[in-house]
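Below is one structure, written out as structure tokens; the observations come after it.
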């Protein structure tokens with residue numbers, strides 16, 4: 001065993017035990033897993049004393065680690081099949097995982113889709129490991145240690161996909177497990193695609209997923225994440241690398257999250273890469289969602305735009321931590337980050353920390369953060385025209401949140417998220 | 001186009017060796033031995049004939065300090081500070097407290113003359129009759145002389161060294177000392193509580209508008225002496241006071257530690273305006289030497305409708321670690337923070353503010369302008385938070401950074417914490433260089449690149465300069481010119 005845990009919590013001890021059992025039977029390079037686990041062990045579960053986890057104290061939240069999820073059996077498969085009907089986006093090419101295990105039976109057949117190759121990856125291949133290492137985060141390391149293989153989706157150079165690809169992460173019939181999953185999407189030079197990630201794992205336990213995106217030169221990707229009702233402690237990590245001229249438009253609708261940490265680490269590695277990031281987090285009850293992003297402009301003349309929205313009702317807590325890093329060589333960087341919070345109740349809270357870290361002089365970087373309640377004048381305007389108050393409120397919230405989806409180029413993805421949002425507002429949770 | 005090459009060169013050649021106030025004066029001084037232990041704390045306390053409760057207070061702080069570790073979260077890097085290798089007490093040697101200016105060591109007066117402090121009453125009266133300034137000069141650690149005491153006395157304003165206030169107004173000191181910055185607050189504040197040497201004490205009675213601007217000039221003079229000022233300002237109901245703090249220090253090769261604590265208390269309807277111009281030795285061209293400035297400044301708007309306003313111009317110090325804050329406790333109270341932070345050479349600035357909205361209808365405004373040149377790092381770090389009871393809290397924050405040259409860095413770390421739906425917070429930050437459009441516009445009207453840059457930089461910091469009292473605005477403009485000579489002509 002490598003680095004020892006210092007004063008391990010129950011959860012850390014659980015992970016240590018599970019890892020010892022897993023190491024012999026897990027696929028792939030055991031040394032790499034061990035290295036990943038050692039890195040995790042050195043840091044331990046992050047607490048509020050760790051600056052980047054200050055508002056999401058995982059050490060306290062994760063009292064104990066649930067047992068590792070097993071590959072799905074028939075019961076789980078049937079259960080997941082029924083779930084799939086409910087959540088999947090229409091018209092997309094589906095890749096389904098259950099508890100982090102790829103389920104070919106439920107997935108579409110990609111062998112006939114030209115230019116797309118799906119490889120179940122047994123080992124953490126070198127490029128994946130390198131990309132993941134760009135983000136220094138204990139939960140990503142934990143994912144590396146435990147992830148049961150995973151998938152690589154490779155879209156060949158010059159290919160333009162007509163249909164979006166949808167990654168559907170489902171939960172098996174046995175809830176309350178620790179789930180780890182890892183997907184790597186690679187776009188070759190000039191490739192274009194749309195990606196939907198649908199996460200519907202609401203079943204308790206612990207989730208730690210990683211999505212790695214590598215965009216080759218001038219590749220373009222639209223990416224929409226739908227994170228639904230995760231009644232669990234959930235950590236979603238997204239690591240992105242953009243080559244020269246590549247463009248990523250990534251958004252997310254976070255609807256319901258018992259305790260969610262969604263973290264994005266983006267590196268603009270090539271010149272003139274373009275990055276649009278956004279998310280709308282709709283939280284109520286005692287939900288907690290923490291959106292953390294670090295955008296590093298490694299190359300000159302890249303553009304980044306970040307727009308993050310929070311709608312918070314009841315005792316919900318929203319956290320936004322955004323950081324734009326501009327090293328000395330990244331001249332002509334154009335970065336702009338905005339965080340907006342809408343507080344619907346006196347007990348809701350928003351913590352925002354938009355950071356700039358700039359070492360180059362010829363840049364235009366800015367950030368803005370604002371929070372407040374619904375504008376009484378706007379509500380009055382609508383009510384005076386005969387729109388009942390709950391409806392007026394829903395219209396204003398929809399308009400506020402949907403702005404996050406405007407960055408998407410692919411209209412079908414935008415429509416999908418807007419429909420999700422409308423359905424959510426109809427439940428009356430935000431009335 | 002980056003800042004004109006001329007400017008960059010000029011800034012480069014503007015060696016901080018050319019530090020204008022880099023001279024040191026030999027005055028026999030009375031020192032405690034090097035190092036820090038309970039005996040030293042007792043020695044300092046005994047030197048000042050302090051009452052027993054204060055000695056105990058210091059000792060409690062010292063014992064607490066022993067259990068604390070130095071904070072590392074700020075974006076500043078420095079060689080470790082050996083707290084046992086410093087003198088914690090040094091007082092200019094005079095047998096008894098000077099009774100008049102004639103008694104003051106003439107050497108000392110000459111130092112002030114070099115600094116251009118209008119210490120002599122006659123001079124002040126002759127020169128600026130309209131706007132008189134009362135100076136409580138702090139030379140190293142002990143306040144030497146306080147002018148205008150009589151006129152202030154007529155208004156009922158108490159303005160004296162805190163060591164004197166301990167004896168003359170023990171009830172006020174006991175009531176308010178440590179009530180804003182508690183002994184346990186942070187590493188440097190706790191250290192200050194244990195060993196604070198002297199500082200100013202101001203009490204403005206109810207309904208009194210202080211008849212003049214109060215001013216203290218700080219000066220670190222003795223080699224290897226950490227200076228631990230303690231300032232306490234109390235504005236009673238309905239009163240107003242404006243306090244100026246100006247700092248210059250002679251050139252030194254070794255790092256000097258400065259850990260001051262400033263506490264402001266504003267009761268109902270009171271207003272305190274606290275302005276600082278800080279120009280301590282920033283270190284030489286290689287970044288050696290210079291002052292380490294770890295300051296805890298906090299104001300407490302304790303009464304309803306009270307107001308505290310901080311204005312600072314930071315041009316000196318190797319390391320600046322300073323977050324003047326406002327606790328907005330009273331209903332409808334207001335906090336303001338205006339800051340210009342200029343860093344050059346190898347200076348590191350980590351500064352900002354905290355606005356803690358606790359009461360209903362509280363409002364705050366933060367305007368921060370950072371200018372980074374040379375190899376310096378300039379960080380704004382601020383926290384705005386609204387408590388659950390802070391209904392209708394309102395904040396506006398703007399922090400802009402200007403970069404001159406590509407070896408410096410400008411960073412912004414704002415924390416915005418809203419726990420109340422009726423709170424409205426707005427935060428804006430930009431980082432840029434001087435825009436080509438602006439330069440072009442000004443230059444096509446016949447100004448040289450240099451003059452154009454000057455004009456734009458002046459415009460960039462104007463919002464803050466306007467907040468300074470007249471006496472300081474002039475000095476601040478001079479300082480900005482010195483700090484960024486070349487770009488501001």
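Residue numbers (this note's numbering), protein chains in the order written: chain A, 1 to 431; chain B, 1 to 489.
Cβ coordinates follow ideal geometry from the N, Cα and C atoms, glycine included.
These numbers come from a predicted model, not from an experiment.
Could you compute how far the alpha carbon of residue i sits from the alpha carbon of residue j?
{"i": "residue 286/B", "j": "residue 302/B", "result": "45 Å"}
{"i": "residue 424/B", "j": "residue 392/B", "result": "7 Å"}
{"i": "residue 448/B", "j": "residue 433/B", "result": "18 Å"}
{"i": "residue 190/B", "j": "residue 57/B", "result": "11 Å"}
{"i": "residue 417/A", "j": "residue 224/A", "result": "8 Å"}
{"i": "residue 445/B", "j": "residue 437/B", "result": "13 Å"}
{"i": "residue 352/B", "j": "residue 410/B", "result": "13 Å"}
{"i": "residue 420/B", "j": "residue 184/B", "result": "28 Å"}
{"i": "residue 210/A", "j": "residue 309/A", "result": "23 Å"}
{"i": "residue 336/B", "j": "residue 73/B", "result": "25 Å"}
{"i": "residue 43/B", "j": "residue 196/B", "result": "12 Å"}
Using a C-beta cutoff of 7 Å, does residue i count as contacting chain A?
{"i": "residue 288/B", "result": "no"}
{"i": "residue 384/B", "result": "no"}
{"i": "residue 416/B", "result": "yes"}
{"i": "residue 432/B", "result": "yes"}
{"i": "residue 412/B", "result": "yes"}
{"i": "residue 196/B", "result": "no"}
{"i": "residue 406/B", "result": "yes"}
{"i": "residue 409/B", "result": "yes"}
{"i": "residue 424/B", "result": "yes"}
{"i": "residue 328/B", "result": "no"}
{"i": "residue 403/B", "result": "yes"}
Please look up how many angstroms separate the CB atoms of residue i and residue j, rounded, as I've assumed it's under 8 Å.
{"i": "residue 157/A", "j": "residue 216/A", "result": "7 Å"}
{"i": "residue 221/A", "j": "residue 248/A", "result": "5 Å"}
{"i": "residue 380/B", "j": "residue 399/B", "result": "5 Å"}
{"i": "residue 173/A", "j": "residue 198/A", "result": "The pair is not a contact, with the Cβ atoms about 19 Å apart (cut-off 8 Å)."}
{"i": "residue 294/A", "j": "residue 265/A", "result": "5 Å"}
{"i": "residue 33/A", "j": "residue 23/A", "result": "6 Å"}
{"i": "residue 318/B", "j": "residue 290/B", "result": "3 Å"}
Going by DSSP, what residue range makes up the beta strand (DSSP E) through residue i?
{"i": "residue 308/A", "result": "303-312"}
{"i": "residue 378/B", "result": "377-386"}
{"i": "residue 257/B", "result": "256-258"}
{"i": "residue 276/B", "result": "271-279"}
{"i": "residue 187/A", "result": "178-187"}
Would a check of beta-carbon distances place residue i closer than 7 Å to chain B?
{"i": "residue 128/A", "result": "Confidence at residue 128/A is low in this model, with a pLDDT of 49, below 50, so its placement is unreliable and the value that follows should be read with caution. Judged by the 7 Å Cβ criterion, residue 128/A is not in contact with chain B."}
{"i": "residue 505/A", "result": "Residue 505/A is absent from the structure shown; chain A starts at 1 and stops at 431."}
{"i": "residue 297/A", "result": "no"}
{"i": "residue 378/A", "result": "no"}
{"i": "residue 358/A", "result": "yes"}
{"i": "residue 351/A", "result": "yes"}
{"i": "residue 57/A", "result": "no"}
{"i": "residue 345/A", "result": "yes"}
{"i": "residue 234/A", "result": "no"}
{"i": "residue 373/A", "result": "yes"}
{"i": "residue 204/A", "result": "no"}
{"i": "residue 362/A", "result": "yes"}
{"i": "residue 365/A", "result": "yes"}
{"i": "residue 355/A", "result": "yes"}
Which two residues bound the contiguous alpha helix (DSSP H) that contains residue i?
{"i": "residue 154/A", "result": "Premise fails: residue 154/A lies in the beta strand (DSSP E), 151-155, not in any alpha helix (DSSP H)."}
{"i": "residue 50/A", "result": "Here residue 50/A belongs to no alpha helix (DSSP H), and DSSP marks it neither H nor E."}
{"i": "residue 150/B", "result": "149-155"}
{"i": "residue 265/B", "result": "Run containing residue 265/B: none in the alpha helix (DSSP H); it sits in the beta strand (DSSP E), 261-266."}
{"i": "residue 19/A", "result": "10-25"}
{"i": "residue 58/B", "result": "52-66"}
Checklist entry - Listed from N- to C-terminal order along the chain, which residues in the segment 331-359 of chain B have their beta-carbon within a distance smaller than 9 Å of any beta-carbon of chain D? => result Given the protein chain composition of this structure (A and B), no chain D is represented.
Checklist entry - Do the segment 406-425 of chain A and the segment 459-467 of chain B touch if we need at least three Cβ pairs shorter than 8 Å? => result no
Checklist entry - Would you call the segment 247-267 of chain A and the segment 143-161 of chain A touching, i.e. three or more CB-CB distances under 8 Å? => result no
Checklist entry - Are at least three pairs of beta-carbons, each pair with one atom in the segment 258-271 of chain A and one in the segment 381-398 of chain A, less than 8 Å apart? => result no
Checklist entry - Okay, do the segment 274-290 of chain A and the segment 300-318 of chain A touch, 3+ Cβ pairs below 8 Å being the bar? => result yes
Checklist entry - Are the segment 368-385 of chain A and the segment 54-67 of chain A in contact at 8 Å, needing three or more beta carbon pairs? => result no
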